[in-house]
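Participant: Before anything else, here's the structure in question.
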Amino acid sequence: MPSWSELEQFLVSGLALGGVYALSGVGLVVLYRATGVLYLAFGAVGALGAFLAYQMIQASAPGWAAWIVCILFGGVVTLIYGTIFGPALAGRDPLVRAVATLGLTLILFGAMELLWPPTSGATRSISLPTDNGGFTVAGLQVTWTQVIALGAGVVLTIGTGAFLRYTKLGTAMRAMANDREITATLGVPVRRVEAAAWFGCGVLAGFAGLLLADLVQLEPATLTFLVISSLAAALIGQLRSITVTFIAAIVIGVVHDLLTPFTALTNYRDMTPFVLAAIALLWVSRHRQIMTRSREEG
Amino acid sequence: MTVTKSDSAAAAAAAGRRPLLRRPDKPVQASVIVILLLFVLFVLPSLMSGYYTGYMTLAAIYSVVCLGLGLLVGRVGLYSLGQGAVVQIGAWTGARLLYGTGQPFAVVVIEAGLVTMLIGMAIGLPALRLRGLYLALITLMFAGAITVVLATVNFPNGGGGFTGYNGGSLHIPPIRRPSIAGTESAYFRYAVVVAIIMFVLVYAHLRTRPGRAWAAIRQSEPAALAAGINTWFYKLWAWALASFITGVAGAVLAAEYQHLYSINFATQDSIILLAVVLMGGVYTLWGAVIAALLMQLLPGWLQSLGVSYAWLDILFGIGVLQVLTTAPTGIADQFPKDMKRLGRFLWRQVHRPSARGAPGTSGPPGAPAAGSPGGGAP
Numbered sequence: 001m002p003s004w005s006e007l008e009q010f011l012v013s014g015l016a017l018g019g020v021y022a023l024s025g026v027g028l029v030v031l032y033r034a035t036g037v038l039y040l041a042f043g044a045v046g047a048l049g050a051f052l053a054y055q056m057i058q059a060s061a062p063g064w065a066a067w068i069v070c071i072l073f074g075g076v077v078t079l080i081y082g083t084i085f086g087p088a089l090a091g092r093d094p095l096v097r098a099v100a101t102l103g104l105t106l107i108l109f110g111a112m113e114l115l116w117p118p119t120s121g122a123t124r125s126i127s128l129p130t131d132n133g134g135f136t137v138a139g140l141q142v143t144w145t146q147v148i149a150l151g152a153g154v155v156l157t158i159g160t161g162a163f164l165r166y167t168k169l170g171t172a173m174r175a176m177a178n179d180r181e182i183t184a185t186l187g188v189p190v191r192r193v194e195a196a197a198w199f200g201c202g203v204l205a206g207f208a209g210l211l212l213a214d215l216v217q218l219e220p221a222t223l224t225f226l227v228i229s230s231l232a233a234a235l236i237g238q239l240r241s242i243t244v245t246f247i248a249a250i251v252i253g254v255v256h257d258l259l260t261p262f263t264a265l266t267n268y269r270d271m272t273p274f275v276l277a278a279i280a281l282l283w284v285s286r287h288r289q290i291m292t293r294s295r296e297e298g
Numbered sequence: 299m300t301v302t303k304s305d306s307a308a309a310a311a312a313a314g315r316r317p318l319l320r321r322p323d324k325p326v327q328a329s330v331i332v333i334l335l336l337f338v339l340f341v342l343p344s345l346m347s348g349y350y351t352g353y354m355t356l357a358a359i360y361s362v363v364c365l366g367l368g369l370l371v372g373r374v375g376l377y378s379l380g381q382g383a384v385v386q387i388g389a390w391t392g393a394r395l396l397y398g399t400g401q402p403f404a405v406v407v408i409e410a411g412l413v414t415m416l417i418g419m420a421i422g423l424p425a426l427r428l429r430g431l432y433l434a435l436i437t438l439m440f441a442g443a444i445t446v447v448l449a450t451v452n453f454p455n456g457g458g459g460f461t462g463y464n465g466g467s468l469h470i471p472p473i474r475r476p477s478i479a480g481t482e483s484a485y486f487r488y489a490v491v492v493a494i495i496m497f498v499l500v501y502a503h504l505r506t507r508p509g510r511a512w513a514a515i516r517q518s519e520p521a522a523l524a525a526g527i528n529t530w531f532y533k534l535w536a537w538a539l540a541s542f543i544t545g546v547a548g549a550v551l552a553a554e555y556q557h558l559y560s561i562n563f564a565t566q567d568s569i570i571l572l573a574v575v576l577m578g579g580v581y582t583l584w585g586a587v588i589a590a591l592l593m594q595l596l597p598g599w600l601q602s603l604g605v606s607y608a609w610l611d612i613l614f615g616i617g618v619l620q621v622l623t624t625a626p627t628g629i630a631d632q633f634p635k636d637m638k639r640l641g642r643f644l645w646r647q648v649h650r651p652s653a654r655g656a657p658g659t660s661g662p663p664g665a666p667a668a669g670s671p672g673g674g675a676p
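Written out as C-alpha cells, the structure is:
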C-alpha cells in the first residue's frame, strides 16, 4: 500500500489528464447535441495535428506556429468532414453517422502510420515550454502544462455551458438538439450553426491532441484511441450533460493515475474508463430509458 | 490471379448453403459452387506458394469472424465494435486448452467456441438492454477492458497454472495442430472445412425460425414484439451464435499462428473488422468471404509488392465512407450489379457504335469496382 506522499504526485497528473478528457468529452457532447454525430475521429484528428506540429518543430519552425497549425488542422479537417458528410448522412441513424466517422479515423490513422512509421530507436515527443516552468504547492511539483490542462477543462466546461445558455448561436445549437426541422423552420441557418459546431469541436480535438502528445505519448495508436476515455466520460453524461461529463472525466483521469503505484492494479489501470462507462451505461439502462435526441426517437 | 482465388474461396464458404435448400432452385449455380469448393480444397493448396497459403488460411479463419459480425449487423441490426476482443477470447481459450490438455483438436475448437459463447452471453445479457449507438459503444468499452486484461495476463505459452503463461520460458513450444493437418496446406484445408461448417450452421439458422425472427427484429423491433416474437431471446441467440463461431475461429487462429502474443491483436482490429464487413456486404453470406479476403489477403499481396500496410487503413476508411453514403449493400451485392451494367453498356457500345462516341469515354459506373476493392465509383 503506497503512502499518501507517493499518491500525491499521481493526483496532480491525474487531474491534468482528467482536464484534457473533460475538454474532449465536452467537445464530443456539444457536437453530438448540435448535429447528432458522435465524432469518433476526435482522437485521430488531434493525433495527426500533433504529428504535424512535431514535424514543424523538427524543421525548426517556431513553437507557437506549430501549435497553431495543430489546433487549426483539427478545426479544418473536422469542418471539411462535417461539410461533406454531415448533410450526406443527415437523415440516417446516429449509429451509421458514428460509424462513418470511424472511416475518417481509419484514413487519418493510415496516413499517420504511412508518414510517421514506428521508429525502432528514439521515440518522438513534443514538449511544450510550459513543462519546464511550474510551482510547488504543499510540497508538490506542478508544471504549467498540467495547470493549463486542468484549467482548460474547467474553463471550457463553464464557458461552453454559458455559451449554450446565453449566446444566440448557443441557443440555436440547443434548439437543434431538440428538433432540427423545426429549428430550420424558425429561420435558424442550420447549416451554418452545424458548421460552427464542427469547427469548434475540431479545434478542441487539435488542442486535446497537442496536450495529450505532451502529457502522455506521441504515438498514433495511443493518441487515436485515447478518445475512448473521453467518450467514456461523455457516455456517463449520457451524451447530454456537460457537467456530468466534466466530473466523470476528472474522476476517470484521477482514478487512472492513482492506480499507478498499486502493484497489483497498475497494469489494469487502463480499464478505468471502460469499467466506469460500462457500469454507468448499465445502471442507467436499468433505471430509465436512455434519453436520445428527440428526433431520433421515432 | 487474386480474383480467381477470391471467387473460389467465396465458393468454398458459400457452398455449405446448398444442402439445406429444400429444392435446388439454381442447380447450375449450386454445381458451380460445389466444383469451386472442390477446387479450393484439392487443387488450390498445390498451386499456392507457402507465402500465400498462410494468408489464405487467415482469410478462411477470418471469413468466419466476418460472418459472425455480418450476422449481427446485417441480419439483426446489432452493431458490435468489439469483435476483435471476441477473437482474442477464442484464441486465448483455444491456446490454453491445446497446451494444457491432450484432447483432440476438434473438441478443443468446439470447447473454445462454447467458452467464448458463455462469455459473450455474460456480456450480452446486460448489454442487449441497450440499443443502436449505445450498444455499439458498450461493446467498444467491453472490448477495451478485455484487451487490457488479456495483455496483462498474457497469452498462454506452455506454462502452468490458470493463465498458462511462463514469463521466463526460453523455449516456447508451438501451439499444436491436429494430427491430420500437420503441413501448411493441410491446415489450410482444415481451416476451410471449419469455415464451411460454420457457414452451414449460420445458413441453417437463417433458413429457419431464428432467421425469420431476426429479419423481423431488424425491420422493426416493436412490430416484431407485437407479432409475438421474443425479441430479447432471439437477440441473445444471435449474439451467442456470433460469439460461438468467432470463438471457434479464434481457436483455429491460435494454432495457425502457433505462438500467440498480445501484439498479434491490434487495437484498431475491431474497427477494421467492422469496416471490411460493411464493405464486403452484410446482407449476403458472400460478403463475409469478400471481407475476409480484403482484410487478410490484401496485406499479403501488398507486402509482396513492397507497399506499406498503412495504405490498407486508408483504403478501408474510404471504403466505409463510400459504403455508408452510396452503396449500403456492399461489394457482394454491388459488384454483380455493376458487372451487369458494364455488360449492358458494352453491348450497347458494340451495337450502336456511331450513336455513342463521346459518352463512351466517361466509363460505366461499375468499371472502377473491378480494380479497386473500394467498390463502385461514388
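Residue numbers (this note's numbering), protein chains in the order written: chain D, 1 to 298; chain H, 299 to 676. Backbone N, C-alpha and C define an ideal beta-carbon position, used for all residues, glycine too. Here the structure is a predicted model, which means the values were calculated and not measured.
Could you check the C-alpha separation between L319 (chain H) and V500 (chain H) for me, to the nearest Å?
Facilitator: Here residue 319 (chain H) refers to the residue found at position 21 of the second sequence. Here residue 500 (chain H) refers to the residue found at position 202 of the second sequence. Annotation note: pLDDT 46 at L319 (chain H) (below 50); position unreliable, no value reported.
Participant: Within this structure, are the beta carbons of I333 (chain H) and A547 (chain H) separated by less than 9 angstroms?
Facilitator: On the second sequence, position 35 is the one that residue 333 (chain H) refers to. On the second sequence, position 249 is the one that residue 547 (chain H) refers to. Contact: no.
Participant: Measure the beta-carbon distance from L28 (chain D) to L38 (chain D) and round it to whole angstroms, keeping in mind my assumption that it falls under 8 angstroms.
Facilitator: Counting from 1 along the first sequence, the entry for residue 28 (chain D) is found at position 28. Counting from 1 along the first sequence, the entry for residue 38 (chain D) is found at position 38. Yes, L28 (chain D) and L38 (chain D) are in contact; Cβ-Cβ is about 7 angstroms, under 8 angstroms.
Participant: Can you look up G509 (chain H) in the DSSP assignment and give me helix, strand or coil?
Facilitator: Taking the first residue of the second sequence as position 1, residue 509 (chain H) is located at position 211. Correct three-state label for G509 (chain H): helix.
Participant: What ranges does the alpha helix (DSSP H) occupy inside the region 333-361 of chain H, keeping only unbroken runs of at least 4 residues that lie completely in it?
Facilitator: Within the region 333-361 of chain H, the complete alpha helix (DSSP H) runs of at least 4 residues are 342-345.
Participant: If we ignore side chains and look at the alpha-carbon of each, how far apart do V164 (chain D) and T78 (chain D) end up?
Facilitator: What you label residue 164 (chain D) is simply residue 164 of the first sequence in a count that begins at 1. What you label residue 78 (chain D) is simply residue 78 of the first sequence in a count that begins at 1. Correcting the residue identity first, residue 164 (chain D) is Leu in this sequence and not Val. If I take the Cα positions, the gap works out to 20 angstroms.
Participant: Measure the CB-CB distance between L102 (chain D) and G615 (chain H) and report whether it falls below 9 angstroms.
Facilitator: Taking the first sequence and counting its residues from 1, one reaches residue 102 (chain D) at position 102. Taking the second sequence and counting its residues from 1, one reaches residue 615 (chain H) at position 317. Closer than 9 angstroms, so yes.
Participant: Please say whether G19 (chain D) and F207 (chain D) have beta carbons closer to each other than 9 angstroms?
Facilitator: As a working note, residue 207 (chain D) is residue 207 in the first sequence. As a working note, residue 19 (chain D) is residue 19 in the first sequence. Cβ distance not < 9 angstroms, so F207 (chain D) and G19 (chain D) don't count as in contact.
Participant: Using a beta-carbon distance below 9 angstroms, is G617 (chain H) in contact with chain D?
Facilitator: Translated into the one-based positions of the second sequence, residue 617 (chain H) becomes position 319. Yes, contact with chain D.
Participant: Report yes or no: do three or more beta-carbon pairs, one from the region 380-397 of chain H and one from the region 409-425 of chain H, lie closer than 8 angstroms?
Facilitator: With the cut-off at 8 angstroms, the region 380-397 of chain H and the region 409-425 of chain H touch.
Participant: Work out the CA separation of L23 (chain D) and G187 (chain D) for me, nearest whole Å.
Facilitator: In the first sequence, the residue the question calls residue 187 (chain D) occupies position 187. In the first sequence, the residue the question calls residue 23 (chain D) occupies position 23. Straight-line Cα distance between these residues: approximately 31 angstroms.
Participant: Counting along the chain, where does the alpha helix (DSSP H) carrying L423 (chain H) start and finish?
Facilitator: By 1-based counting over the second sequence, the position of residue 423 (chain H) is 125. Segment F403 to A425, the alpha helix (DSSP H) holding L423 (chain H).
Participant: In its own chain, which residues sit with a C-beta less than 7 angstroms from the C-beta of L231 (chain D), not counting the 5 before and 5 after it?
Facilitator: As a working mapping, residue 231 (chain D) is identified with position 231 in the first sequence. If we look at L231 (chain D) and ignore the five residues flanking it on each side, its Cβ neighbours are L28.
Participant: Are the CB atoms of G209 (chain D) and G43 (chain D) within a distance shorter than 9 angstroms?
Facilitator: For the purposes of this step, residue 43 (chain D) is taken as the residue at position 43 of the first sequence. For the purposes of this step, residue 209 (chain D) is taken as the residue at position 209 of the first sequence. A contact, by the Cβ cut-off of 9 angstroms.
Participant: D214 (chain D) and I107 (chain D) look like a contact to me (Cβ under 8 angstroms); what is the Cβ gap, rounded to whole Å?
Facilitator: As a position in the first sequence, residue 214 (chain D) is number 214, starting the count at 1. As a position in the first sequence, residue 107 (chain D) is number 107, starting the count at 1. About 25 angstroms separates the two Cβ atoms, so there is no contact after all.
Participant: Compare the C-beta of P261 (chain D) with all C-beta atoms of chain H and state if any pair is closer than 9 angstroms.
Facilitator: The count along the first sequence starts at 1 and reaches residue 261 (chain D) at position 261. Not an interface residue.
Participant: What are the residues of the region 414-442 of chain H that lie near chain D, defined by any Cβ-Cβ distance shorter than 7 angstroms?
Facilitator: Listed in sequence order: P424, R427, L428, G430, L431, Y432, A434, L435, I436, L438, M439, F440 and G442.
Participant: For W530 (chain H), does the count of other Cβ atoms within 10 angstroms reach 16, so buried, or fall short, so exposed?
Facilitator: Locating residue 530 (chain H) in the second sequence gives position 232, counting from the first residue. Classification of W530 (chain H): exposed, given that the 10 Å Cβ count is below 16.
Participant: Please list, in chain order, the chain H residues whose beta carbon lies closer than 8 angstroms to that of T83 (chain D).
Facilitator: Indexing the first sequence from 1 puts residue 83 (chain D) at position 83. Within 8 angstroms Cβ-Cβ: nothing; T83 (chain D) doesn't reach chain H, min ~14 angstroms.
Participant: Enumerate in chain order the residues of its own chain whose CB-to-CB distance from A280 (chain D) is below 7 angstroms, with the five nearest sequence positions on each side excluded.
Facilitator: Against the first sequence, residue 280 (chain D) aligns to sequence position 280. Within the same chain, A280 (chain D) has close Cβ partners L235 and I236.
Participant: Using a Cβ-Cβ cut-off of 9 angstroms, state whether E194 (chain D) counts as contacting chain H.
Facilitator: Counting from 1 along the first sequence, the entry for residue 194 (chain D) is found at position 194. Taking Cβ atoms only, chain H never reaches closer than 9 angstroms to E194 (chain D), which makes this a no.
Participant: Excluding the 5 residues flanking L104 (chain D) on each side, which residues of the same chain have their C-beta closer than 6 angstroms to its C-beta?
Facilitator: As a working note, residue 104 (chain D) is residue 104 in the first sequence. Cβ within range, chain order: A41 and Y81.
Participant: Could you tell me the distance, in whole angstroms, from the CA atom of E113 (chain D) to the CA atom of S606 (chain H)?
Facilitator: For the purposes of this step, residue 113 (chain D) is identified with residue 113 of the first sequence, where counting begins at 1. For the purposes of this step, residue 606 (chain H) is identified with residue 308 of the second sequence, where counting begins at 1. Their Cα atoms are separated by approximately 9 angstroms.
Participant: Distance check for W144 (chain D) and F246 (chain D), CA to CA, integer angstroms please.
Facilitator: As a working mapping, residue 246 (chain D) is identified with position 246 in the first sequence. As a working mapping, residue 144 (chain D) is identified with position 144 in the first sequence. Cα-Cα distance, rounded: 21 angstroms.
Participant: Over the uninterrupted beta strand (DSSP E) stretch that includes F135 (chain D), give me the two end residues.
Facilitator: Start at 1 with the first residue of the first sequence, and residue 135 (chain D) comes out as number 135. Here the beta strand (DSSP E) through F135 (chain D) covers G134 to V137.
Participant: Where does Q238 (chain D) sit, in a helix, a strand or coil, going by DSSP?
Facilitator: Walking along the first sequence from the start, residue 238 (chain D) turns up at place 238. Note: Q238 (chain D) maps to coil in three-state DSSP.
Participant: Does the region 505-521 of chain H come close enough to the region 546-565 of chain H to have 3 or more Cβ pairs within less than 8 angstroms?
Facilitator: Short answer: they don't touch.
Participant: Keeping to the same chain, check which residues put their C-beta closer than 7 angstroms to that of G134 (chain D); ignore five residues upstream and five downstream.
Facilitator: Sequence index remark: in the first sequence, residue 134 (chain D) carries index 134 (1-based). For G134 (chain D), where only same-chain residues beyond five positions count, the Cβ hits under 7 angstroms are Q141, V142, T143 and W144.
Participant: Whose Cβ in chain D lies nearer than 7 angstroms to the Cβ of V446 (chain H)?
Facilitator: Within the second sequence, the letter at position 148 stands for residue 446 (chain H). By Cβ distance, chain D contributes Y268, D270 and M271.
Participant: Less than 9 angstroms between the C-beta atoms of L438 (chain H) and S568 (chain H), yes or no?
Facilitator: Translated into positions along the second sequence, residue 438 (chain H) becomes position 140. Translated into positions along the second sequence, residue 568 (chain H) becomes position 270. Taking 9 angstroms as the Cβ cut-off, L438 (chain H) and S568 (chain H) qualify as a contacting pair.
Participant: Can you find at least 3 beta carbon pairs, one from the region 519-539 of chain H and one from the region 458-477 of chain H, that sit closer than 8 angstroms?
Facilitator: No contact exists between the region 519-539 of chain H and the region 458-477 of chain H.
Participant: Find the nearest neighbour of P476 (chain H) within the set H:Y432, H:A449, H:L534 and H:L396, judged by alpha-carbon distance.
Facilitator: Position 178 of the second sequence, counted from the start, is the residue given in the question as residue 476 (chain H). Out of H:Y432, H:A449, H:L534 and H:L396, H:L396 has the C-alpha closest to the C-alpha of P476 (chain H).
Participant: Along chain H, in chain order, which residues have C-beta atoms closer than 8 angstroms to that of F274 (chain D)?
Facilitator: Position 274 of the first sequence, counting from 1, holds the residue named residue 274 (chain D). Here the neighbours are M439, F440, G442, A443 and V446.
Participant: Closer than 9 angstroms, Cβ to Cβ, to anything on chain D: give me those residues from the region 535-565 of chain H, in chain order.
Facilitator: Listed by position, the residues of the region 535-565 of chain H near chain D (Cβ gap below 9 angstroms) are A564 and T565.
Participant: So who's on the other strand from T185 (chain D), going by DSSP bridges?
Facilitator: Taking the first sequence and counting its residues from 1, the one referred to as residue 185 (chain D) is at position 185. Answer by DSSP bridge pairing: none, since T185 (chain D) is not bridged.
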